[in-house]
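Trainee:
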Amino acid sequence: MTVVLVTGAANGMGAATVEYLARVGYTVEGSDKVARDGVCAVDVRDSEAVADWVKSAHARHGRIDAVVTFAAYGIVGSVEETDPDEAAALVDTNVIGTHRVLRAVLPIMRAQGNGRVIVVSSGAGAIAEPYGGWYSATKAAIERLGEATRMETAAFGIHVSVLAPGWTVTPIIDSAVRVADPIESYTPDRISVLERVTGYLAAGQSAEAVAEKVRTILETDRPRQTYLCGSDVRLSFWTRRFAPARVYECLVRRYYGF
C-alpha cells in the first residue's frame, strides 16, 4: 500500500492526480479549501487544520509515503497594482501553506525512514509572468524551499522533488483574484496579457498529463531534483539558460504581446 496526500485536490491538476493515482492502485487522501466527494476541507493557511488532517490520515493508514502540494491560486494584476495585503495572502497560501504541509508530514517520514515529497511549482516560477508577477514570485520561492528541503532531509531517506508544469488546462484563471484597486494606466496591457494567457491555458496539456508525471516521480528509484512537465516549460527552461539575458527578455516580452 502506498499512501499519498494531495493538497489542492478539488479541481485542476490536484483533482486529476487524486483520481489518476487512485485508479492505478494508490491510496490517496485529498484536501482542499472547499470539500467535495473524497476531498477533505483543509485550508493550508490553518496550521492546526493541516496538522489534524495529516495526523488523521496517518492514524487511518499507519504511514504516509508521499505528499504532493498543489494548493495555490493566482492574482491578476501588476506588481504596483497589488496591495501588500493581497500579496501577503497569496504568499500565505502558496508558500507558507506548502511549508505547513511539509512541517506536518516530515516528522512522520523521518520516523519511517522514507518518504517522497513533490512540491508543485510552475513554468511561471522560472519566468516572470507580467500581470502575474506575485504568482511567479511564490512559485520561485517554492522551488528554493524544495531544493533546501531535499538537501536537509536526504539523510532520513526522504526524496524531495520540484514539479514545474507548463500551460495546463485548469480553472486557475477563473479562480484567480483580481486586484481590488486596478490602475488605469496598466489596464490595456493587463487585459491583453490575460487574453493571451487564457488562450495558452486552453491550448495546454491535460491535467492528467501532470498526474502521470507525478506517478513517474513516485515510482522512480532515484527521483531528480526538478521535473518539467510540458514542451513549453522545457523550451523556456533551456532557452533561459543558453540565450543572452537581453535576447531572452525580448522573447518573453514578444510572447506576452509587448
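In the numbering used here, the protein residues as written are 1461 to 1718. Glycine included, every Cβ here is placed at the ideal spot set by N, Cα and C.
Val1579 and Thr1628: beta carbons closer than 9 Å?
Mentor: Not closer than 9 Å, so no.
Trainee: List the residues that DSSP assigns as beta-bridge partners of Ile1533.
Mentor: Looking at the sequence itself, residue 1533 is Tyr, so the reference to Ile does not match. Beta-bridge pairing links Tyr1533 to no other residue.
Trainee: What did DSSP end up calling Arg1713 once you bin it into helix, strand or coil?
Mentor: Arg1713 falls in the helix class under three-state DSSP.
Trainee: Which class does Ala1584 belong to by DSSP, given the choice of helix, strand or coil?
Mentor: Helix, per DSSP.
Trainee: Which residue comes first and which comes last in the alpha helix (DSSP H) that contains Lys1670?
Mentor: The sequence as given places Val at residue 1670; Lys does not occur at that position. Start and end: Ala1667 to Glu1679.
Trainee: What are the boundary residues of the beta strand (DSSP E) that includes Thr1686?
Mentor: Its beta strand (DSSP E) spans residues Thr1686 to Cys1689.
Trainee: Please tell me whether Ala1667 has its Cβ less than 9 Å away from any Cβ of chain C.
Mentor: Looking at the structure shown, chain C is missing, and only one protein chain is on hand.
Trainee: Pull the bridge partners of Ala1615 from the DSSP assignment, please.
Mentor: BP columns for Ala1615 are empty, so no partner.
Trainee: Measure the C-alpha to C-alpha separation of Val1504 and Arg1560 and round it to an integer number of angstroms.
Mentor: Approximately 7 Å between the Cα atoms of the pair.
Trainee: Label Gln1685 either buried or exposed according to how many other C-beta atoms from any shown protein chain fall within 10 Å of its C-beta, with 16 as the threshold for buried.
Mentor: So Gln1685 counts as exposed.
Trainee: Name the DSSP beta bridge partners of Phe1578, please?
Mentor: The sequence shown places Ile at residue 1578, not Phe. DSSP, once it has assigned bridges, lists Val1528 and Ser1621 as partnering Ile1578.
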